[in-house]
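Here numbering that gives the first Met the number 0 is used: position 189 in the sequence shown is 188, and no number is missing along the way. Where is the CB? At the ideal position from N, CA and C, for every residue including glycine. Here's the structure we're looking at; comments come further down.
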Amino acid sequence: MNYRLVNAEDKDIDILTSMKLVTMIDEEMDNKLSFTEKNKLKKNIYKNIELTCESYKLIYVGKNIIGAYLVVDYKDGKMIDQIFLFEEYRGKGVGSSIIKGIIEEYDNLYIWVYKNNKDALRLFERLGFFAISKGRTMILRYNKAYIYLKEHLEGIKLGYCDKDGNLYGLYSGDFKDNFYLQNPKQIVESGVGTCFDQVEYERYLMDQINEDCRTYYIIYPDDKMDIGHTFLIYKDKVNYYRFENAWLKYKGIHIYKNKEALFDDILNKFV
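Take a look at the structure:
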């Protein structure tokens with residue numbers, strides 16, 4: 000669907016207020032708040048929009064306003080504080096298109112959503128956002144490296160390739176003698192890899208988007224077999240991240256305030 004973005008003006012305060020009210024008052028709040036409380040909230044929203052009106056973008060299709068969005072400063076980046084579309088224009092790709100455009104504009108991007116808004120949550124997660132805080136109101140963060148790794152590793156399953164090119168879904172008894180470390184092209188073609196294969200592929204992918212990373216190997220030797228795992232970490236201005244695809248129990252992204260917390264966490268889980 001073709002749409003255009005227009006800077007909001009003072010004449011748009013009423014419609015922006017009505018959109019913000021729908022965004023703010025979900026079903027749970029609607030049942031809890033009294034009429035007086037709702038009216039007070041509406042007045043506060045109106046006053047806030049009077050101050051921020053010119054920061055809003057109105058979404059037009061033809062001559063009709065179909066929604067609006069607002070991006071504000073937040074922590075080390077920006078927050079999509081609101082993105083609203085009238086119901087008849089949802090599910091047509093407009094919201095996804097706008098969010099993708101915002102993603103391209105800002106490096107560190109956040110968005111908030113009520114946890115019971117499952118449709119919005121699925122959309123944001125599909126676009127590369129992940130939860131950094133939980134509760135009734137969830138804060139999600141976009142991370143370019145995470146979505147890039149996730150997209151490329153989705154089809155890679157845990158297993159290994161032997162020296163003759165045979166693929167195995169599980170580690171067999173002669174794994175150590177026959178294991179062959181695949182290069183990125185080979186793991187894409189086979190769709191199977193150990194944590195060693197997958198981490199080398201992840202390192203290759205991070206290099207493609209000029210993201211710095213580190214890889215580590217943890218091992219627990221005993222009399223019968225050596226249990227080991229390889230993993231990749233990276234950081235931004237705020238957090239450290241550990242990406243997991245091969246360790247199925249902890250598949251996904253894991254966020255830490257510092258490297259020590261990251262290593263403590265994986266050590267405890269591994270042992």
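Minimum C-alpha distance to Thr-16 - residue among Tyr-59, Asn-63, Phe-83, Pro-220: Phe-83
Entirely enclosed alpha helix (DSSP H) segments - the region 33-59, minimum 4 residues: 34-51
Contact belief for Lys-56 with Asn-6 at Cβ below 8 Å, rounded distance in angstroms: 7 Å
Enclosing beta strand (DSSP E) for Phe-129 [first to last residue]: 128-132
Collapsed DSSP secondary structure at Phe-230 in the structure displayed: strand
Local conformation of Ile-208 per DSSP, three classes: coil
Buried or exposed by the 16-neighbour rule on C-beta atoms within 10 Å, applied to Ala-271: Shown here, the chain extends from 0 to 270; a query on residue 271 therefore has no answer.
Start and end residues, alpha helix (DSSP H) containing Val-93: 93-104
Short Cβ contact (8 Å threshold) for Asp-75 with Val-191: no
Closest residue to Leu-166 among Tyr-145, Asn-63, Thr-193 (Cα-Cα distance): Thr-193
Cβ-Cβ distance between Tyr-249 and Lys-268 below 8 Å: yes
Assigned secondary structure, Gln-81 (DSSP; H/G/I helix, E/B strand, else coil): strand
When Leu-50, Glu-53, Leu-20 are compared against Asn-38, the one with the closest alpha-carbon: Leu-20
Distance, Phe-262 Cα to Cys-160 Cα: 29 Å
The region 32-46 / the region 89-104 touching (three or more Cβ pairs under 8 Å): no
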